[in-house]
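Contents: one structure, followed by commentary.
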Amino acid sequence: MRLDKFLQVSRIVKRRTVSNAVCNSGKILVNGHKAKAGKELSVGDVLTVTFSEEAEQVFEIVEIPPGNVSRDQAATLYRMLD
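Numbering (numbering that gives the first Met the number 0), first residue to last: 0 to 81.
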């Protein structure tokens with residue numbers, strides 16, 4: 000699944016257009032490397048999301064869904080690190 004789609008499906012970022020913009024601005028790292036919106040993700044990848052200068056969150060992907068999921072299932076797709 001593409002990075003921008005995963006961010007939207009997992010509800011880390013609310014809209015896909017916003018997740019696309021965040022990815023292309025260089026605020027998302029996948030396994031320590033800057034990643035574009037089209038980066039294909041795998042289970043075990045570590046995402047570092049910089050929301051602002053003070054706010055950075057790290058997530059490990061534990062499941063890649065085949066499509067959209069419910070709000071309750073969205074939180075089960077990743078594990079927060081830190």
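No residue lacks a Cβ here, since even glycine has one placed at the ideal position from N, Cα and C.
Residue range 77-80 is occupied by the beta strand (DSSP E) that includes Arg-78.
Looking at the DSSP output, Arg-1 bridges to Glu-39.
For Val-61, there is no enclosing alpha helix (DSSP H), as DSSP gives it neither H nor E.
Leu-46 has its alpha-carbon roughly 14 Å from the corresponding atom of Gly-37. Rounded to the nearest whole angstrom, the CA to CA distance from Ser-9 to Glu-53 is 22 Å.
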